[in-house]
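Quick note, the sequences are listed as chains V and L, same order. Heads up, the first sequence is in numbering that gives the first Met the number 0, so the first residue is 0 and it goes up one at a time. Heads up, the second sequence is in numbering that gives the first Met the number 0, so the first residue is 0 and it goes up one at a time. Idealized CB from N, CA, C, for every residue including glycine. Presented below is the structure to which this report refers.
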Amino acid sequence: MGRKNKILVVDDQVWVRRMLLEALSALGYEVFGASSGPEALQLAGERGPDLAIIDMSIPGMDGLTLFSKLRGINFNIHGILISGNGEKNCIEKALKEGAFAYLVKPFDIGDLKNLIQQALTS
Amino acid sequence: MYYSPNYANSDLLRDQKIYEDLFTERSYSISEDLEVFIKEGSHRIVLENEREDDEAVFYTFNINTTVVKNRDGLVGVVISCEDENRSESVRGDLRERPSHLENLSVIGELAASAVHEIKNPLFSIRGFLQIIDNSFSEDDKRKEYTRIMISEIDRLEGLVRDLLMLAKTRIGSDESVTVCELIRDIAELYKNRMEMQNIKFSLRAEDESACILGNREQLEQVFINLIQNALEAMENGGNIEVVTSRKNEKVVIEVRDDGKGISPEAEKKIFSPFFTTKKNGTGLGLFLSKKIVEDHRGRIYFQSTEGKGTVFFLEFPVQNGEDRQAENPSE
């Protein structure tokens with residue numbers, strides 16, 4: 000078996016972050032979490048994630064700005080943006096910026112799992 | 000006003016005009032819409048009248064009907080008609096909101112933040128439950144409990160989402176919304192589900208360019224609710240047909256399905272908050288839809304035959320070309 004894919008989870012909500020880390024770890028991914036934009040950038044530089052799950056509203060910078068900075072470090076990183084806000088223009092903007100998907104909280108972990116698999120094999 | 004039991008045939012009622020002196024040319028008779036008023040209990044009507052200087056003026060009335068019954072059945076109908084005494088010039092700014100509505104918009108904004116705060120804990124609870132659920136084998140009784148909890152969380156989430164939409168109904172700017180475009184966009188959203196359920200969708204439009212003035216997101220919500228209800232009424236396939244037409248100064252939209260229909264008991268309550276016949280419904284969909292339609296100076300009503308299908312009728316004031324040009328002077 001090849002190396003485990005690495006996933007960065009960025010959400011300032013402590014239990015949301017913990018839950019996502021646990022769920023993804025159970026699926027066999029190497030996971031690490033950050034609660035803010037600057038922390039996420041530092042971790043990404045150190046550990047080189049293949050995919051980032053980013054909440055749209057995090058301290059330090061908004062989720063889309065973080066995603067574009069992460070792409071500055073590694074253009075091939077996949078981004079799944081998550082938010083409690085499901086307004087059409089937010090979703091369209093995120094997808095236009097190159098996000099692989101946009102999920103509105105609360106979403107199903109099974110749906111997230113499928114999207115991650117699709118992103119990592121695309 | 001008090002009317003006799005055979006109200007539909009009452010000469011008294013047929014001849015009853017409200018504000019006859021105001022509406023010299025286009026007087027309005029309550030009897031035209033009486034069936035609807037009685038079915039819905041309360042209703043809001045907006046009448047238009049032209050002044051001498053050609054300015055159109057709107058008059059808004061709140062109509063409340065109470066059916067009076069004794070042991071022998073229907074005795075009569077009490078109808079109260081309250082003049083909201085609010086008139087607005089068509090060429091003035093229709094979008095101007097009275098100040099008490101601004102307070103409502105503050106509540107709307109507060110609700111939007113509250114919803115955000117509610118969604119995060121709901122999401123972490125739901126996710127942890129899924130993790131627990133995955134750890135149980137299929138024949139474990141506890142798996143049934145986790146599934147129930149997850150579906151209850153989904154119901155709460157739906158409730159929060161609908162309440163937010165309700166709080167936001169007075170917020171947002173109006174724009175020119177092309178009815179056919181809006182309906183096609185929504186049909187596209189449900190394309191896969193319709194295919195899966197073996198449902199055929201069609202749109203028949205008398206005027207492709209008919210527009211109404213309103214908030215697109217809210218109007219979308221109304222049609223999403225209606226299409227979703229239609230889909231849920233047709234588990235074994237069928238047809239959804241949307242027909243749009245012009246009737247005087249109104250755009251009339253019919254959403255027809257040949258699903259299971261609405262039972263006579265449910266008919267009386269379908270626009271009431273928290274009334275639902277669905278396992279996971281919030282009971283706010285049609286309540287919210289009615290509120291949105293009325294906020295757009297429109298009306299919504301339905302006809303249904305159990306076992307055969309339902310038609311929802313929506314009427315909105317048409318936005319004419321002149322208004323649209325004023326909004327987009329470059330056109």
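Within the same chain, and ignoring the five residues on either side of Ile152 of chain L in sequence, the residues whose Cβ sits closer than 8 angstroms to its Cβ are Leu121, Ile124, Arg125, Leu128. Look at Val114 of chain L: its C-beta is under 8 angstroms from a C-beta on chain V. In this structure, the beta-carbon distance from Val292 of chain L to Val221 of chain L falls below 8 angstroms. The contact set of Lys104 of chain V on chain L, defined by CB atoms closer than 7 angstroms, consists of Lys118, Asn119, Phe122 in chain order. Going by DSSP, Ala51 of chain V is part of the beta strand (DSSP E) stretching over 50-54. The three-state secondary structure of Gln196 of chain L, taken from DSSP, is coil. Within chain L, the residues placing a beta-carbon under 9 angstroms from that of Glu21 of chain V are Gly126, Phe127, Ile130, ordered along the chain.
Taking 8 angstroms as the CB threshold, Ile226 of chain L stays off the interface with chain V. Taking 8 angstroms as the threshold, the shortest C-beta distance from Ile152 of chain L to chain V falls below it.
Counting along the chain, Asn238 of chain L sits inside the beta strand (DSSP E) bounded by residues 237-246.
In terms of beta-carbon proximity, Gly83 of chain V lines the interface with chain L, with at least one pair separated by less than 8 angstroms.
Among the residues of chain V, those whose CB is under 7 angstroms from the CB of Glu156 of chain L are Pro105, following chain order. About 6 angstroms separates the CB atoms of Ala118 of chain V and Leu50 of chain V; that is less than 8 angstroms, so the two are in contact.
Among the bridge pairs identified by DSSP, Gln302 of chain L is matched with L:Val310. Boundaries of the alpha helix (DSSP H) harbouring Phe286 of chain L: 284-294, taken from the DSSP string. DSSP places Gly297 of chain L in the coil class of the three-state scheme, outside both helix and strand. Taking the Cβ atoms as the reference, Leu158 of chain L lies roughly 13 angstroms from Ala110 of chain L, outside the contact range of under 8 angstroms. The CB of Ala25 of chain V comes closer than 8 angstroms to the CB of Ile130, Asn133 in chain L, given here in chain order.
Contact with chain L is found for Met18 of chain V, since one of that chain's Cβ atoms lies less than 8 angstroms from the residue's Cβ. Within chain L, the residues Arg125, Gly126, Gln129, Ile130, Asn133 have their CB atoms less than 9 angstroms from the CB of Ile108 of chain V, given in chain order. Using a Cβ-Cβ cut-off of 8 angstroms, Gln116 of chain V does not count as an interface residue toward chain L, since no Cβ of chain L sits closer than that to its own.
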